[in-house]
Structures are given as C-alpha cells and as structure tokens.
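A quick write-up on the structure given underneath.
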Amino acid sequence: MKLLGLLVVVVGWLIAVSSVLLTSSTTTRFIICLIGIACCLVGILKVLNGAYLKHAIWKQ
Amino acid sequence: MTISSVKERLVLLLILCSSLWGSAALANGQTSPATSTNTAVTAPPSLASPLNVKDANPPAPADLAKGDPGGALTGTVNDVPVSDAKKGLTLGDTVNQVGQNKVAINFVWTLVTGFLVMFMQAGFALVETGLCRAKNANHTMMMNFMVYGFGLFAYWVCGFAFQMGGVGATTNLGGTAPLSGELVRHWFGKDWGLIGTHGFFLTQGGTYDVGVMVLFLFQMVFMDTAATIVTGAAAERWKFAAFAMSSFFLAAFTYPLYANWAWGGGWLSQLGANFGLGHGYCDFAGSGVVHAVGGITALAVSMIIGPRIGKYNRNGSSNAMPGHDIVIVLTGCFILAFGWFGFNPGSTLGASGNGALRIGSIAVNTMLAGCTGSFGALFYMWIRYGKPDASMAGNGLLAGLVAITAPSGFVNSVGAAIIGLVAGVLVCLSVEYFDRVARVDDPVGAISVHGTNGLWGVISVGLFADGKSNYGGSWNGVNGSVTGLFYGDPSQLVAQLIGVATLVGFVFSLAYVLNIFVDYFVGQRVAAESELEGLDVPELGALGYPEFVLKTYRQEAVAHG
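As structure tokens, this is what we get:
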C-alpha cells in the first residue's frame, strides 16, 4: 500500500508536468494541473497515510 | 562662487552628459557619436581622460586634522581611488567607483538581511520548544541548535553547488560569473535545467569569489529555515541520530534540487521562456522553495514516525497536548516576524539597481500579511471555540508571513492583506484537518504553517501579482512584470500550479524515500520508555529544567510523607 501510495504521488506529479507538453491551451493546462495535484494529494493523504494509520500506535 | 568655477562646472556637466548620451545611443544600437555625420556634437572623452575636479573643494589637511564632528568634511573627492597618480582622477576612476558603490551597497544589504534570517533560528527554537512539553525541552532546543550546523555543513559540501552552481550572472552582486555549470538535458524540443555543477566546497569551478560568498551566506540561511521546520513536526519522539541524518539529506539533496529548479535557472523557472507560462514559476522569497519544502518534508517524516504516545485514543479521537511555555512561543513569533524583514526584502539581493528600491513595498507587504494572518487565526478560534487562542494567534502570524513570502515582491498592499487573512484562517483549518482527520501528529503545527501556507503563497502569486514590479525589466528571462490571474494573465497561475504539483509530488516523494532510508538504517523513532520519560535524559543525558523537576520531586516527597 505504501509503495502504491508513492506511485500515485509520482504519477500525479508527472500528469501535472505533462500539461505543458500535451496542449498549448491555458485552460486545458490548468485543468490537467489540478488533476495532477489532486492525484498527488490522494496518494499522500489517503493511500500512503491510510497505510500508516492501519497499523497506528494508538490502535495497538 | 567665481565665474571660472561656474565655467568648470558647466564643462564637467557637458562632458558627463555627452558621455551618458553616447553610451545610451550605443546601447540602442545607434551610430557612435564619433562617427556620426552630426559633427556639431563633441565626441565624448575616453574613460582615461583626466577630470578637472578643482571645484570639488576637498577639505585641507589642516581642517581634517581638527576632526569632523558635523560630518561635512568626510567623504569627498579625496576618497575616490585614483588608478594613475600622474593623470589624477579620470572619468574611468569615477565610473568604477560608482559601480563598486552599487555592488557594495548590495553586498551589505544582502549580508545584513542574511544575518537577520540566521537569527530566525532562535525564533524557531523558542516557538518549537515552547509548544513542546517540559520533559522534551532540551531535546527540542538541541535539534533547533544543531540543525544549523548539520545543514550548513551539508550545504557547503554539495547543497549550494546543486542549487546555485548554474545560476549564471547575479548582476546585483557584481556578476557571480563562476556559477556557470548547470546540467541541462534537451527533452521534447526544450532545454530542461536539472541541477547545478559548480561550487562544491565553495572552491570547485572557480567559486572562490566575493560575490559567490555573499550569495552562499544568504542562500544557506534560507536552506536552514527549511531544515528547522521538520524538527517541530517530529518533536518529542524523533531519535537524535535520525534527525541528524535527515537534516543532512534535506540540506544536501531535497532542498537544493527544488531550489535549483526554481531559483538556480532550472526547468521550473524556464516554464515562461519555454512554454509561454507567464514568467515561469515565480517564488520571490521562498513560500514554496523554503517553507513548503520544509513543511512537506515534515509531513513525510511525521507519517513515518507516527503520533506521540497518548495523542490519540483507541477510537481515533485526539487529545490536546499543550506546550509548556506560551511566553517563549510568542517571543519566538516576534523574533521570527523581525527576521522576516531579512527574508523577504533581502531577496532582492540588493538595494541598488534592477528595481531593488521595491524593498520598501516588500517590507510593508510582509508586515501587513503577518498582521492579517494573526487576525484571521485569532477571529477563527474566537468564533469557533469562544476564546482567542494565543498559540494559534502566533501560528496565524507565521502563516501570514509564510504565505506572503512568495508574492511579497509582486503584489500590492491590498493583495498582501488578503493573502495574510486567508492564510490565518487556512492554518486553523489545516491544523484541525491533520489533527482530527488525517491523524498526523504535528506538535507545533509546522505542516500547516509552512506546508499548507507555503503552497497557498505559491498559488497566490498566480492570483495577486499586479504587474507593477520591474526588476531590471524581466523576470526568469521573460520581459515585463509578473502578472497574476486577477490582473490579466491566467498562464502565470498554471506555472504556479506546476510548482505546487512538483512540491507535493516530487519533493514529498524524495523526502519520503530519503527518510525511509534513514528509518531503515538508524530508526526514526525513540523507544516507548524514552518517550514516556521525556527525551532529555535518554537522548541527551541532561534535563532542560533540572531544578524544576527536582523541586517537583521534593514536593511530591513531602506530600507523600
């Protein structure tokens, strides 16, 4: 799960950076960037953090 | 004043005017006055021409020998160095002195503001220690103290070279020409600057240079600010050896890499020149480069270490763990606010030339955003919980300052006030989110203050930059002023969002991997027994407040007969 979370984060970053290569439209670049950032945040706060919370010290 | 002295003044004025006119015409690609068909204009003198400066009336040695209590006799033509004593003072000597004066002003400005930023370490130490429990005071203070040394050493070895090794000329500091090594890859038809290669140990690549030294000092204290942010989020359970290694990695790799992309001529700064995104990623003084890098690394470390024992109950609800000294917390906040006047106005790297006089506006923006940030947090807590909270008011001040750091050089005072106010509310929401929803334990709120509001600061450049700043006519190689969405350029916001994505995507991943490495080899977290006892004795062998504890023991002994 941790590895998957990290993968989602990196993919999110690559999505955002690829916006400058995929199109020259500012609006489309803006939307792609937001998708990339959302992907990164989900990877960190949901997937990766979720993996840590599953075995959190206060649950033991 | 005699007639002859008036004539001499006029001749001198004419010579200077014609000289300036000649250089301006040459700069515009026009014909040199000397070869022009307009023979009515006198050819400008060469720089070696002696200047007639008798009318400067330098004070006589006898007058100087009496002292100069009024200051009117000190600093005259006699203080301008002459390159050839036989010729006397020439136009070249005068112009060289003007150039050196400009660079000297900028050196002094950059160094003094760098010293202010260095003093922020004391502010961070007080804030973080005050927000921790008394049993961890020595440990928290020592982390804040030693991060300066660990960070400085790593940055001297390689961090500075990775960050600024290819930045090129920094005209305000007289050139810094040796910093000309940037690893560039040609991908997708564009150049992508990846990492600097000059300046290891401040000697390699000819970097033993006065301008480079000034730049190093200023950039080093910025890096150390990022490094010290992590110590707050991981306080009260971080193994000291792990802290040392983690700080070294941040100073050597994580911070310099992102800072190179943003400030060292790397690919983020070139998004404007290469892809037409405004002026590329713009981060005037480091909301993203310094604070978000520190805050996001703090998030990675906090997740790896886990929460303190007793922070969360079995049902996931959180317990408040108040700090032991609100007095030093707020004192630390004041010291940080003072140091921020070095952080933001100092980022012009000068007070003379290239639009550097904007330092006044930058300083006012910094004040205002800190003020409205504390308002935002104060009123949020007051309305939501019924009382104004001192520690959150302090965090609101810091959040406003963090948020204004990136836009401080590009926005007006109204924009700064709004940015600060939003930051003040945002820090409260973010603290609540990480505490209650994400359950990432952050004793001092560093992730929210620096991470969340660092990102907000980066975005706010793309919204509020008013297009009025002009630092030498261009920024990141794009002519004109940085302009945000609200002032007509939506593409600048996209450049800023790519910066945000790089922070939460790349910087987080790199920081996470490096700290997993530390965890594997050293172990990030102290033993449970040490944590319960307090880290002062188990980790460092001495209590932060020995008398305080002895007194408590004695009282307990008396109470129990």
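So the protein lines, in turn, are chains E and C.
Each residue of the first sequence is one higher than the one before, counting from 45 in this note's numbering.
Each residue of the second sequence is one higher than the one before, counting from 3 in this note's numbering.
Cβ atoms here follow ideal geometry from the backbone N, Cα and C, with glycine treated the same way.
Just so it is clear, the structure is predicted and the values come from calculations on it, not from any experiment.
- If you draw a 10 Å sphere on the C-beta of Ala253(C), you find 16 or more other C-beta atoms in it, and that means buried.
- Burial of Val460(C) is indicated by the presence of at least 16 other C-beta atoms within 10 angstroms of its C-beta.
- Counting along the chain, Asp193(C) sits inside the beta strand (DSSP E) bounded by residues 192-198.
- With a contact defined as Cβ atoms closer than 8 angstroms, Leu332(C) and Ala392(C) qualify at about 6 angstroms.
- By the beta-carbon neighbour count (other beta carbons within 10 angstroms, threshold 16), His99(E) is exposed.
- Ala371(C) is not a Cβ neighbour of Val451(C), given a cutoff of 8 angstroms.
- The beta carbon of Ser483(C) lies closer than 7 angstroms to those of Gly469, Lys470, Ser471, Asn472 in the same chain, with the five residues before and after it left out.
- A contact is defined here as three or more CB-CB pairs under 8 angstroms, and the segment 264-279 of chain C fails this definition with respect to the segment 400-420 of chain C.
- Within the segment 303-314 of chain C, the residues whose Cβ lies closer than 8 angstroms to any Cβ of chain E are, in chain order, Met305, Ile306, Gly308, Pro309, Ile311, Lys313, Tyr314.
- Contact check for Ala235(C) against Ala136(C) fails: the beta carbons are separated by 8 angstroms or more.
- The segment 498-515 of chain C and the segment 281-296 of chain C touch, with three or more beta-carbon pairs separated by less than 8 angstroms.
- The secondary-structure analysis by DSSP pairs Asn481(C) across a beta bridge with Ser476(C).
- Its Cα nearest to that of Gln102(C), the residue Thr173(C) stands out among Met122(C), Thr173(C), Gly73(C).
- Looking only at Asn80(C), Phe126(C), Lys88(C), Thr96(C), the smallest Cα-Cα distance to Ala448(C) is reached by Phe126(C).
- Residues of chain C with a Cβ closer than 7 angstroms to the Cβ of Lys98(E) do not exist; the shortest Cβ-Cβ separation is about 11 angstroms.
- Contacts between Phe508(C) and chain E, judged by CB atoms closer than 8 angstroms, involve Val54, Trp57 in chain order.
- For Ala60(E) against Ile88(E), the beta-carbon gap comes to about 14 angstroms, at or over 8 angstroms, which does not count as contact.
- Per DSSP, the unbroken alpha helix (DSSP H) holding Trp111(C) starts and ends at 93-133.
- Taking C-beta atoms as the reference points, Leu217(C) and Met166(C) count as a pair closer than 8 angstroms.
- With distances taken between CA atoms, Met122(C) lies nearest to Thr227(C) out of Phe377(C), Ser248(C), Thr227(C).
- Ranking Trp102(E), Val91(E), Trp57(E), Gln104(E) by CA distance to the CA of Met45(E) puts Val91(E) first.
- Using a Cβ-Cβ cut-off of 8 angstroms, Leu495(C) is close to Phe74 of chain E, given in chain order.
- If you draw a 10 Å sphere on the C-beta of Val416(C), you find fewer than 16 other C-beta atoms in it, and that means exposed.
- Nearest Cα to Asn146(C) within the set Leu204(C), Ile385(C), Trp240(C), Ile311(C): Trp240(C).
- When the alpha-carbon of Thr78(C) is set against those of Phe164(C), Ala246(C), Leu93(C), Ala62(C), the nearest one is in Ala62(C).
- Val439, Ala440, Arg441, Val442: these are the residues of the segment 439-456 of chain C whose beta carbon lies less than 9 angstroms from some beta carbon of chain E, given in chain order.
- Contact annotation: Thr454(C) and Ala467(C) have beta-carbon atoms that are not nearer than 8 angstroms.
- Arg73(E): not part of any beta strand (DSSP E); member of the alpha helix (DSSP H) spanning 70-85, first to last residue.
- For Ala529(C), the closest Cβ of chain E is not nearer than 8 angstroms.
- Inclusion of Gly207(C) and Pro180(C) in the CB contact set at 8 angstroms is warranted, their separation being smaller than that value.
- Restricted to the segment 264-327 of chain C, the alpha helix (DSSP H) segments that are unbroken, complete and at least 4 residues in length are 273-277, 295-307, listed in chain order.
- Contact between Ile361(C) and Asn517(C) fails: their C-beta atoms lie close to 37 angstroms from each other, not under 8 angstroms.
- Val212(C) and Gly176(C) have their C-alpha atoms spaced approximately 9 angstroms apart.
- Taking a Cβ-Cβ threshold of 8 angstroms, the residues of chain C close to Val61(E) are Ile500, Ala503, Thr504, in chain order.
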